[in-house]
Structure formats: structure tokens, C-alpha cells
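*Asks:* Protein chains in written order, with the numbering used here: chain A, 5 to 331; chain B, 49 to 709.
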Amino acid sequence: MRFVVRRLGFFLATLWAAVTLNFVIPRLMPGNAAIAMMARYKGRINPEAMHALEIAFGVNNHQSFLAAYFTYLGNIARGRFGTSLTFFPDAVTHEVLQALPWTLGLVGLTTILAFVVGTFIGLVSAWRRGGMLDGVLPPIFVITSAFPYFWLALLAIWLFSIELGWLPANGGYGIKTEEAWSWTFAGDVLEHSILPAVTILVTAIGGWILTMRNNTISVLAEDYVRMARAKGLKPWRIMWTYAGRNAILPNLTGFAMSLGFVVSGAILVEFVFNYPGVGWMFLQSVENQDYALMQGLFLLITVAVLLAILAADVATVILDPRTRDRS
Amino acid sequence: MTVTSGAVAAGAPGPGGFEHVVAETRRGFGRDLVRAVARNRKAMAGVVLLAFFLVLTLFPGEIAPHDPMASIFQPGLGPSREHWLGTTSYGQDILSQLIWGTRQSVIIAFAVGGLATAIAVLVGVSAGYLGGASDGFLSLVTDVILVIPIFPLIIVITAYEKSSGLTTLVIVLGALGWSYGARQLRAQTLSLRTRDFLEAARVRGERRSYVILYEILPTMTSLIVASFLGAAVFAVLFAAGLQFIGLGDPNAQSWGTMLYWAENNEALGAGMPLWAIAPGVCVALLGAAFALLNYAFDEISNPALRLRRLDRPPDVEPRDAAASGEPPDPDRVLQVRGLSVAYTSDEGAVVAVDNVDLDLGRGEFLAVVGESGCGKSTLVYAIARLLGPPFSGEIIGGQIMFQGRDMVTLAERQLRHVRWREFSVVMQSAMNALNPVLTIAAQMRDACKAHSTMSDREIEERSREVLRLVSIDPIHLHSYPHQLSGGMRQRAMIAMALLFTPDLVIMDEPTSALDVVAQRSLMMQIKELQQRLGFAVVFVTHDMSLVSHFSDRLLVMYAGQVAEFGDTRRVFDTPRHPYTRALLEAFPSIRGPKTHLLGIPGSPPDLARPPSGCRFSPRCPVARPTCHATPPRLVEVESDLVRCVLYDDAALQRDPVAAES
Numbered sequence: 005m006r007f008v009v010r011r012l013g014f015f016l017a018t019l020w021a022a023v024t025l026n027f028v029i030p031r032l033m034p035g036n037a038a039i040a041m042m043a044r045y046k047g048r049i050n051p052e053a054m055h056a057l058e059i060a061f062g063v064n065n066h067q068s069f070l071a072a073y074f075t076y077l078g079n080i081a082r083g084r085f086g087t088s089l090t091f092f093p094d095a096v097t098h099e100v101l102q103a104l105p106w107t108l109g110l111v112g113l114t115t116i117l118a119f120v121v122g123t124f125i126g127l128v129s130a131w132r133r134g135g136m137l138d139g140v141l142p143p144i145f146v147i148t149s150a151f152p153y154f155w156l157a158l159l160a161i162w163l164f165s166i167e168l169g170w171l172p173a174n175g176g177y178g179i180k181t182e183e184a185w186s187w188t189f190a191g192d193v194l195e196h197s198i199l200p201a202v203t204i205l206v207t208a209i210g211g212w213i214l215t216m217r218n219n220t221i222s223v224l225a226e227d228y229v230r231m232a233r234a235k236g237l238k239p240w241r242i243m244w245t246y247a248g249r250n251a252i253l254p255n256l257t258g259f260a261m262s263l264g265f266v267v268s269g270a271i272l273v274e275f276v277f278n279y280p281g282v283g284w285m286f287l288q289s290v291e292n293q294d295y296a297l298m299q300g301l302f303l304l305i306t307v308a309v310l311l312a313i314l315a316a317d318v319a320t321v322i323l324d325p326r327t328r329d330r331s
Numbered sequence: 049m050t051v052t053s054g055a056v057a058a059g060a061p062g063p064g065g066f067e068h069v070v071a072e073t074r075r076g077f078g079r080d081l082v083r084a085v086a087r088n089r090k091a092m093a094g095v096v097l098l099a100f101f102l103v104l105t106l107f108p109g110e111i112a113p114h115d116p117m118a119s120i121f122q123p124g125l126g127p128s129r130e131h132w133l134g135t136t137s138y139g140q141d142i143l144s145q146l147i148w149g150t151r152q153s154v155i156i157a158f159a160v161g162g163l164a165t166a167i168a169v170l171v172g173v174s175a176g177y178l179g180g181a182s183d184g185f186l187s188l189v190t191d192v193i194l195v196i197p198i199f200p201l202i203i204v205i206t207a208y209e210k211s212s213g214l215t216t217l218v219i220v221l222g223a224l225g226w227s228y229g230a231r232q233l234r235a236q237t238l239s240l241r242t243r244d245f246l247e248a249a250r251v252r253g254e255r256r257s258y259v260i261l262y263e264i265l266p267t268m269t270s271l272i273v274a275s276f277l278g279a280a281v282f283a284v285l286f287a288a289g290l291q292f293i294g295l296g297d298p299n300a301q302s303w304g305t306m307l308y309w310a311e312n313n314e315a316l317g318a319g320m321p322l323w324a325i326a327p328g329v330c331v332a333l334l335g336a337a338f339a340l341l342n343y344a345f346d347e348i349s350n351p352a353l354r355l356r357r358l359d360r361p362p363d364v365e366p367r368d369a370a371a372s373g374e375p376p377d378p379d380r381v382l383q384v385r386g387l388s389v390a391y392t393s394d395e396g397a398v399v400a401v402d403n404v405d406l407d408l409g410r411g412e413f414l415a416v417v418g419e420s421g422c423g424k425s426t427l428v429y430a431i432a433r434l435l436g437p438p439f440s441g442e443i444i445g446g447q448i449m450f451q452g453r454d455m456v457t458l459a460e461r462q463l464r465h466v467r468w469r470e471f472s473v474v475m476q477s478a479m480n481a482l483n484p485v486l487t488i489a490a491q492m493r494d495a496c497k498a499h500s501t502m503s504d505r506e507i508e509e510r511s512r513e514v515l516r517l518v519s520i521d522p523i524h525l526h527s528y529p530h531q532l533s534g535g536m537r538q539r540a541m542i543a544m545a546l547l548f549t550p551d552l553v554i555m556d557e558p559t560s561a562l563d564v565v566a567q568r569s570l571m572m573q574i575k576e577l578q579q580r581l582g583f584a585v586v587f588v589t590h591d592m593s594l595v596s597h598f599s600d601r602l603l604v605m606y607a608g609q610v611a612e613f614g615d616t617r618r619v620f621d622t623p624r625h626p627y628t629r630a631l632l633e634a635f636p637s638i639r640g641p642k643t644h645l646l647g648i649p650g651s652p653p654d655l656a657r658p659p660s661g662c663r664f665s666p667r668c669p670v671a672r673p674t675c676h677a678t679p680p681r682l683v684e685v686e687s688d689l690v691r692c693v694l695y696d697d698a699a700l701q702r703d704p705v706a707a708e709s
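#1: If the cut-off is 7 Å on Cβ atoms, which residues from the segment 112 to 143 of chain B count as contacting chain A, listed in chain order?
#2: Give the interface partners of residue 234 of chain A over in chain B, defined as CB-CB distance under 8 Å, in chain order.
#3: Say whether chain B places a C-beta atom closer than 8 Å to the C-beta of residue 226 of chain A.
#4: Helix, strand or coil for residue 449 of chain B per DSSP?
#5: What residues in the segment 271 to 283 of chain B have a beta carbon less than 8 Å from any beta carbon of chain A?
#6: Using the three-state DSSP reduction, which class does residue 614 of chain B fall into: helix, strand or coil?
#7: Between the segment 65 to 86 of chain A and chain B, which residues of the former have a C-beta closer than 7 Å to a C-beta of the latter?
#8: Is the shortest distance between the beta-carbon of residue 557 of chain B and the beta-carbons of chain A less than 8 Å?
#9: What separation, rounded to the nearest whole angstrom, lies between the Cα atoms of residue 291 of chain B and residue 127 of chain B?
#10: Do the CB positions of residue 421 of chain B and residue 623 of chain B come within less than 8 Å of each other?
#11: Taking residue 192 of chain A as part of the alpha helix (DSSP H), name the residues at either end of that continuous run.
#12: Taking the C-alpha atoms as reference points, what is the distance between residue 506 of chain B and residue 239 of chain A?
#13: Using a Cβ-Cβ cutoff of less than 6 Å, which residues in the same chain neighbour residue 175 of chain B once the five nearest sequence positions on both sides are dropped?
#14: I'd like to know if residue 195 of chain B contacts chain A, where contact means its C-beta is closer than 8 Å to some C-beta of that chain.
#15: Counting only Cβ pairs nearer than 7 Å, list the residues of chain B close to residue 249 of chain A.
#16: Just mark residue 320 of chain A as buried or exposed, buried being the case when its beta carbon has 16 or more other beta carbons within 10 Å.
#17: With the cut-off set at 8 Å, would you say residue 235 of chain A and residue 696 of chain B are in Cβ contact?
#18: Go ahead and pull the three-state DSSP assignment for residue 237 of chain A.
#19: If we ignore side chains and look at the alpha-carbon of each, how far apart do residue 130 of chain A and residue 250 of chain A end up?
#20: Using the Cβ count rule (16 or more neighbours within 10 Å means buried), how would you classify residue 729 of chain B?
#21: Residue 237 of chain A CB to nearest chain B CB: under 8 Å?
#22: How big is the Cα-Cα spacing for residue 435 of chain B and residue 237 of chain A?
#23: Below 8 Å on the Cβ atoms is my contact criterion, and I expect residue 553 of chain B with residue 583 of chain B to pass it. Report the Cβ-Cβ distance as a whole number of Å.
#24: For residue 129 of chain B, name the three-state secondary structure that DSSP assigns.
#25: Assuming residue 96 of chain A and residue 300 of chain A are in contact, meaning their beta carbons sit under 8 Å apart, how far apart are those beta carbons, in whole angstroms?
#26: Check for me: the alpha helix (DSSP H) holding residue 163 of chain A runs from which residue to which?
#27: Give the DSSP-derived three-state secondary structure of residue 648 of chain B in the structure shown.
#28: If you draw a straight line from the alpha carbon of residue 320 of chain B to that of residue 146 of chain B, how long is it in whole angstroms?
#29: Closer than 8 Å, CB to CB, is residue 480 of chain B near chain A or not?
#30: Please report the residue range of the alpha helix (DSSP H) in which residue 286 of chain B lies.
#31: Comparing alpha-carbon positions, which option in B/660, B/688, B/683 and B/689 lies nearest residue 675 of chain B?
#32: What are the start and end residues of each continuous alpha helix (DSSP H) run of 4 or more residues lying completely inside the segment 525 to 553 of chain B, in chain order?
#33: Pop quiz: residue 474 of chain B and residue 541 of chain B are said to be a contact at Cβ under 8 Å. What is the actual Cβ separation, rounded to whole angstroms?
#34: Does the distance from the CB of residue 316 of chain B to the CB of residue 104 of chain A come in under 8 Å?
#35: Provide the residue(s) that pair with residue 606 of chain B in DSSP beta bridges, ordered along the chain.
#36: Can you list, in chain order, the residues of its chain whose CB lies under 6 Å from that of residue 259 of chain B, leaving out five sequence neighbours each side?
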């Protein structure tokens, strides 16, 4: 129970921190950026919405810092993130919900895939220590994990779209394709997702391979693995249920904890590919000085990371009986 | 974006590799580190790359062929002798821009690395050392910062402050990039808190700051370096990313800015691919330099990650009796001849088991005794063929005849069928030997499935039966190991070893984790089961008094060799080897007369450098000059064996001093 309470406290603290950062940052920055933005809203939205924005960005507002802060918290709690400039007069929430499925599909799936595949390769290369796989993959991936995501994306576009013409270079689907629930559309979406997906996969996978390899090597020296050998179990079984099951536990924590990093890289991948997801929209909002949208997206990304951590927590509880008794 | 193996430390239940680190750092890590880096290929690659970029950082003016910003050449040129990497759309020399751009990335890497590491050390060590509410608060802050998507946050910040310069960038990246390192440093500090050397410092009344600065920090060199390298990689990548999307000073000379302009001019499509490729390669290489160092450093500080093999088996005296085609004796379960095992170490091969012979009859109880480090466990793990990677021990000679086959030459695949059905193993600590994530039932089922075609119901039935054998209520069958008490876990492991009622059970100090009362009752039970089921036992212990009433024969080992081997009663009543005598004097007898207990002065020899002559001679109370010079033979006295010159008539005749006595 204590564990659950602590975890809950952590989630709330993170959310609170993200919201508060959103509130504080525009006030700390001595620029006129927010004022310039507000000017563009003038006369276009109703006074109530205008007032909410003024509170959010600390412009023209005569409330005390604390009073403004609580009004802001109240607005956020009721889901009022303001009006988007870029997609005027749509509310921020509306726009964000449009972009979300694209990112979940691309970044979400590839991140999970990178974790699963990387963990598996790490396990096998530690199991066959000094073998072919172990000699080749880990060193390569030490280097690829230092590649900037966006740069690899540029290279992929250059090679596979511009030079070879195999795959589309940008967008989530073709301009001519109609957005509908059809096989053509699905195929088109899939085709457009290959390059960004591979880019994320290649850069994200290295970290998982290395951590899982190192975890497994430590676990292989444990008595229970030796015991499994003594029991005469098949090597596959030892690798899987004795070494792997135990080595993955710290990796799950690592997975949850480094999601923030992975998402950061993915944002740039979406940007380079003009992929209509959250990351691309986020950078658009920065470019257009659409701060309401930008802050809404920042919150959304934080929430997404927290949800993924929650999923990793659940997985840990399922895989590690010791945590069940603790909670 | 590398995730170092430190995740192991971050996850609480994970296996820790830090014991090694602590041990190593306590013995002057610095000097060893330089040597270790020089030996490690990955580390060398990292050092060379880094040195290369440092030179570019320090002397760009001398190295670059042109002014990087001057638009004085024809735009969009391909690679040529004049412009190795071509020119930009603005007619600037790409190579010169690249060289001048190095400086900013390197400065960012070192500045952010330093700043982030300083914060990480401050927060992590304080949290771990102070504990309590301060720890709760600092850990929460660390986790929150770790989880908040940093890159979007930095973008939000720089979006308001468009003209952010280098200083802002360094401060923001440093202030947000420390959390991963802090988490690991906290975990390490926590594990250090209860260590003896810190207790000692506290008892001495040292100030907190002294303890942290001089006692804790030096042991964490490797983690601190890892934290620095991790933050440096992070900084290089993130800074380049920010500049690439145009959130930096567009006039700055940096790789990220080059990429920004290249992308804006569609350099890749417009025939200037190197404009976009080259700066990316540089970012990747600088990142890789730090990542390689980090990876190599992990290997250096955690010896378990290094793969060790015997380069060349050490010379062991060949044995005439070994493998001489002596026919297997059907009355014997086990016949070991001339068994030698070696380990690799930094100082070369170490022979841990040296030419051991032993015989074990059916249903016989053999105890192997000796101090720690005498090769007892190595001997039995060699017999069970449980050495080899990831453990560095290797059988380098001899024969292990078990039920008529030589275990040494048996392939792992064939060995698998012999395991558990014909011989099983009970380890020292069930806590470590039972898989923590599987129930007892699942672990028994694994063994049954591997060796039989029993149905699930039969397996369940058999599992309950063996639990009853060791007096555990079968309701515990579906428990996880951590839910059982220490004594129960140990019994459960013994129950598991009896699933197939094997002919031989190898027990490595199975009772040493228990208290004296539990120890005794478990011994009685083992003996009772052994007599009832008729299996033979090889029982390793350092506690002679434990086996005096249970074992049939006793093998006393010293420094990897057999010191004495014979009937248990006889050895207890009239020990021959001086070492056996010393061992017996070191233990109290329960019922015998009150005697003065004597320890054995000194400690077992370092097997990398065994003493010449008799290995026990430096500690032997009755050693003679010849003992220090000539290694004694193992001689037979009344069908028992002893390795001491006092019982070797032939040697005594050659040595007049000894003969007189």
C-alpha cells in the first residue's frame, strides 16, 4: 500500500511540476513574446477566453501572482488550455486530440518495439557471450545510440526518398489519398511510417541492447542460474525464465525512466518528416509563437510519459512477485 | 540518449555490481584506471576521438583552411582539392565551418557534463547519506526531473527567450540533465551507508562533510565519471537538436547551426549532401566518443562484464595414475582422479584444485572440510560440471568417473540428461539459489519437465511428496521463495534435489546460512533421508564439528590439495596431518573436556603464489627445513591418505633431521 501511495504522490508531483513550469516560465522570461502573441488574439476571441490567456501568460493582468496561479490551476483542471492561434478558432484540446493518434501509432509503437527487440538482442548476446552476435551488435549500437535522431532522419530521407525514390519523404499519408477507413489509406499510412519508424528504432534500440546485456551478464553469475544449469534444464529455458525474467526487471525501471529522452528524440523525427503528430505540431506552435498550443502539448507529452511509466509499473508488478507483497 | 548499465543500480531488486567497484576504488583506483583504459580497445577509441576533437577545439584557426563565415567562394560546390567538403549555398567553405563548429559542441559537452555532475553528486550523495525526509524530498525532485520530457521543456524555455546564447543553453541543460546520475549516486551512497569503513568514521566522530568528501566520494569515482560522460552525450545531442530546429543563435558557429542552414537550403536535395552529412557525423562521433568511454568504463569498473578465458592452461604435474584406464568400480558412485581446476586472474592462471583424487561408495557420506579459499567449493562444482563461463574456473586435467562415465569429457547435451536424475546439487544460500520470480512449484515443475514425461498432476503430487519428506507443509508449494523463512527455503531446496531420488547429492555448505539450532535439525534430517533413500552425499563445510557425527569419510583440503583423506572417526580420534589437528583444535567439542581453543595462526596461501615445499609449512607448528623446500607426496597410511613428510618413510630417510625425531 505504501508503495502505491508513494507512486501516486510521484505522479501528482510530476503533473504539478509540469503545470507550474508552464505557468512560471512565461513570467520569468523578460521578453515581449507573450505580449506580441496576445496582440494577435485581440478582437478575435471573447473577453472571457482572453482573460484566461492573460492569466496563463501573465500579460495585462492585475491579479497577484498567487491568485493568478490558482485561477490558472483551476482552468487546467477543467481542461481549459486556451485557444490555438495556429488553428484559430479551435480550442487547443481539439487540435491536440487530432495529432495524438499519429504520435501514439508511430512513436508509441516504435518505442515499445525498440524496447522489446533491444531487450531480446541484449539477452541473447549476453547469453552467447563472445559469440558472433555479441561481437558485432553491441559495439555498433554504442555508436548508433550516439546518433542524433533528426540527423539519421535526414540521411534516411536523402537516401531512400531523394536518391532511391523508394519511400515517401514526408507527411503521414499522401496528399492525394483520402483520409478514410480504407485499405488504401491504411497502406498509405504504413508506407509513410516506415522511414520515421526505422529511424526511431535504430537510434533507440542501442540503449536497450546495452543495458539488457549488462544486466544479463550480472544475472548469469547468480546462484539461481547456476542451479538451473545443475537441474539440467534446456539452455533456452534457462536463458528465458531464469536469466531473462530477472534481468529485465531493472530494465523496466530504466525503460520508464528514460521515456522522457525517447520522446524528445521522436519529436525531432516527426519534425523532419513533417509527420502530423504531436511533436510536429509542438514545433509548429513554437515557430508560430502559439504559446497556448505549445503549453498544452507540453502537458500532454508529460502525461503520456507518465502513463507509459504506469504501464511499466504494472508490468513490473506482474513480472516480479516481490513487488506484489511490498504494495 | 544512452542508458548505461547503471539502471541495474537504479532498480532496487537488481543484481548489484558495485561490490567490485567499492573493493577496487578502495585500493587506489586512479593508477589502475589509466592502465585499464590503455588495455581496453573501446576506451582507447573513445580517448583518441576525444583528443582529436580537443585539438580542433583548441586550434581551429591554425587547422581550418578558410574563414568559416566568409561568403567568398562559388556557392554549392562539390568536394574538390580546394574545398574538401564543398561549399554552402552562401559560398562558405564547409570544412572550415565544421572545424570552427567543434568548439561549441565540446564546450557544451564539458560545461554541461561538469555542471550536471556537480548537481548530481550534491543531490544524490546528500539524499543517500541524510536519508529520512530529506531523502524522500530529494528523490522525488530527482524522479520528477528525470521524467519530465526535458527536450520539450527546453524548447518551451527557449521559445520565450529566442536569442538564448551559449550560457543560457549550458545552464538549462545542466540544470535538467543531472537526474539520471543523481539516482545512481543515491543508490550507491545508500548501499555504502552501513559499510564498516563509514561506521568507523562515524565512531571516530568525523564531521559529515569529512565523511562525504574523503570517505564516500572516492569510492564513487566510476559512477561520477559515468554520470559526467552520460550528461556530456546528452548535452551534445540536445544542443545540436535545438540548434537544428532554429532555437539557437542562427549566427553561431556550431554543428547544429550548420545543420539548420543545410536543412533550410535543402542541401541534401540540392547537391550539397556533405553540408548536412558532415556536421551530423561530427555530432555522432563526439557523442560516440563519450558513449564508448562510458561503455568501456562500465566494463572496467565492473569486472563481471569482462570476459575472461584461460589463455594457456598452467602447467600441472602430470599424474601417472590419472586416466590410466583403471576400470570403474561398480561399488563406487564417484571416482575422481587427478582433478585440477584453474581460474584466470589479473596475475595469470591460478590453480585452485590441484590433482585431487577421491572415491565415494554408494550411499556414503563424504565431508569435504577446510578453511575458506581452500578449493572445497571449486572441487564440488567441478565434479558437478558447473564451472565455465560466466565463472572463470576451468577443469584443466583429470577424470571424474560418475556411474561409469567420465563427466569431464561428457558434452553439455548428454550431461543434461544425467543432471538432477542421477545427481543433484544443494547450494549454500537458497535465497540466492531459488529463482525469485518463480514459485517453488514452478521451479520443481521445470526440473520434472526437463527429465520426465510426468503429467502436471503427477508433478504436483511428487512435489508435495518431497516437501513432506523435508517436513514442509505442502501448502507452501505455491509460495514464492521470499515468502518462506530461511530454514524453509533451505529445506525446499533439498526437497527439490530429491525429486528424482538421485544417487548423489552434492551439498555446498547447505546449513551455513542458518542458526545453530536449525543447523542441527537440518543435519539430522539430511542424515535420516540419506539413510532412508540411500543416496551418496558430498558435503562441503568449513565447520568440522558439524559433520563429525554424520559423515562416513572426511576429506581435508588445504590450498587446493588433499591434506588428509580417511575414515571420519579415525580422523577425529587420531588426526595425522598437522593442518587437520589445527582445524580440530579450533572447534569446541560439545561433550568433551574443557580445553583451550586454538586458532590457526596466519591464513591460507594466495594460490597465485603458493609457497614452495609443503603449502602448509609457513603455518605448520612442526615444520622442518625440508618442508619448506620439497613438496610432500600424498602417502597411504593404513588405507587412508595424508600429505605430510612425517608419514613418508622414503622422504624421511633422505632427510636425516626428520628421521631422528
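No residue lacks a Cβ here, since even glycine has one placed at the ideal position from N, Cα and C.
*Replies:* So, to answer that:
#1: Here the close residues number zero.
#2: Here the question's residue 234 of chain A lines up with position 230 in the first sequence. Per Cβ cutoff of 8 Å: 432, 434, 467, 468, 472 and 473.
#3: In the first sequence, the residue the question calls residue 226 of chain A occupies position 222. So, interface residue.
#4: Sequence index remark: in the second sequence, residue 449 of chain B carries index 401 (1-based). Residue 449 of chain B: strand per DSSP, three-state reduction.
#5: So the list reads 281 and 282, given in the order they occur along the chain.
#6: The sequence position of residue 614 of chain B within the second sequence is 566, counting from 1. Here residue 614 of chain B sits in strand by DSSP.
#7: Answer set for the segment 65 to 86 of chain A: empty.
#8: Taking the second sequence and counting its residues from 1, one reaches residue 557 of chain B at position 509. Cβ-Cβ to chain A under 8 Å: no for residue 557 of chain B.
#9: The count along the second sequence starts at 1 and reaches residue 291 of chain B at position 243. The count along the second sequence starts at 1 and reaches residue 127 of chain B at position 79. Roughly 25 Å separates the two Cα atoms.
#10: In the second sequence, residue 421 of chain B corresponds to position 373, counting from 1. In the second sequence, residue 623 of chain B corresponds to position 575, counting from 1. Not a contact, by the Cβ cut-off of 8 Å.
#11: Along the first sequence, one-based indexing puts residue 192 of chain A at 188. Bounds of the alpha helix (DSSP H) holding residue 192 of chain A are 187 to 224.
#12: Walking along the second sequence from the start, residue 506 of chain B turns up at place 458. Walking along the first sequence from the start, residue 239 of chain A turns up at place 235. If I take the Cα positions, the gap works out to 24 Å.
#13: Within the second sequence, the letter at position 127 stands for residue 175 of chain B. Contacts found: 183, 186, 187 and 234.
#14: To locate residue 195 of chain B, count along the second sequence from 1; it is residue 147. Yes, residue 195 of chain B lies at the interface with chain A (some Cβ there is under 8 Å from its Cβ).
#15: Along the first sequence, read from residue 1 onward, the residue named residue 249 of chain A stands at position 245. Under the 7 Å cutoff, chain B gives 485.
#16: Here residue 320 of chain A refers to the residue found at position 316 of the first sequence. Burial of residue 320 of chain A is indicated by the presence of at least 16 other C-beta atoms within 10 angstroms of its C-beta.
#17: On the first sequence, position 231 is the one that residue 235 of chain A refers to. On the second sequence, position 648 is the one that residue 696 of chain B refers to. No, the pair does not count as a contact, with Cβ atoms beyond the cut-off.
#18: For the purposes of this step, residue 237 of chain A is identified with residue 233 of the first sequence, where counting begins at 1. Coil at residue 237 of chain A, not helix or strand.
#19: Against the first sequence, residue 130 of chain A aligns to sequence position 126. Against the first sequence, residue 250 of chain A aligns to sequence position 246. For residue 130 of chain A and residue 250 of chain A, the distance between alpha carbons rounds to 14 Å.
#20: This structure cannot speak to residue 729 of chain B, because chain B is shown only from 49 to 709.
#21: Looking up residue 237 of chain A in the first sequence gives position 233. So, interface residue.
#22: Position 387 of the second sequence, counting from 1, holds the residue named residue 435 of chain B. Position 233 of the first sequence, counting from 1, holds the residue named residue 237 of chain A. For residue 435 of chain B and residue 237 of chain A, the gap between their C-alpha atoms comes out near 16 Å.
#23: One-based indexing of the second sequence puts residue 553 of chain B at position 505. One-based indexing of the second sequence puts residue 583 of chain B at position 535. That pair is a contact at about 5 Å.
#24: Here residue 129 of chain B corresponds to residue number 81 of the second sequence, with the count starting at 1. Reduced to three states, the DSSP call for residue 129 of chain B is coil.
#25: Locating residue 96 of chain A in the first sequence gives position 92, counting from the first residue. Locating residue 300 of chain A in the first sequence gives position 296, counting from the first residue. That pair is a contact at about 4 Å.
#26: Reading the first sequence from its first residue, position 159 is the one you call residue 163 of chain A. Taken as a continuous stretch (DSSP letters only), residue 163 of chain A belongs to no alpha helix (DSSP H), as it is neither H nor E.
#27: Taking the second sequence and counting its residues from 1, the one referred to as residue 648 of chain B is at position 600. Of the three classes helix, strand and coil, the one that applies to residue 648 of chain B here is coil, per DSSP.
#28: Along the second sequence, read from residue 1 onward, the residue named residue 320 of chain B stands at position 272. Along the second sequence, read from residue 1 onward, the residue named residue 146 of chain B stands at position 98. Cα-Cα distance, rounded: 14 Å.
#29: Locating residue 480 of chain B in the second sequence gives position 432, counting from the first residue. For residue 480 of chain B, the nearest CB of chain A lies under 8 Å from its own CB, placing it at the interface with that chain.
#30: Here residue 286 of chain B corresponds to residue number 238 of the second sequence, with the count starting at 1. Here the alpha helix (DSSP H) through residue 286 of chain B covers 269 to 292.
#31: Taking the second sequence and counting its residues from 1, the one referred to as residue 675 of chain B is at position 627. A check of alpha carbon separations from residue 675 of chain B across B/660, B/688, B/683 and B/689 identifies B/660 as the nearest.
#32: The segment 525 to 553 of chain B contains these whole alpha helix (DSSP H) runs: 534 to 545.
#33: Stepping through the second sequence from its first residue, residue 474 of chain B is reached at position 426. Stepping through the second sequence from its first residue, residue 541 of chain B is reached at position 493. For a cut-off of 8 Å, the C-beta gap from residue 474 of chain B to residue 541 of chain B is around 6 Å, short enough to register as a contact.
#34: Position 268 of the second sequence, counting from 1, holds the residue named residue 316 of chain B. Position 100 of the first sequence, counting from 1, holds the residue named residue 104 of chain A. Taking C-beta atoms as the reference points, residue 316 of chain B and residue 104 of chain A fail to come closer than 8 Å.
#35: Your numbering for residue 606 of chain B matches position 558 in the second sequence. According to DSSP, which records beta bridges pairwise, residue 606 of chain B is partnered with B/609.
#36: As a position in the second sequence, residue 259 of chain B is number 211, starting the count at 1. Excluding positions up to five away in sequence, the list reads 249.
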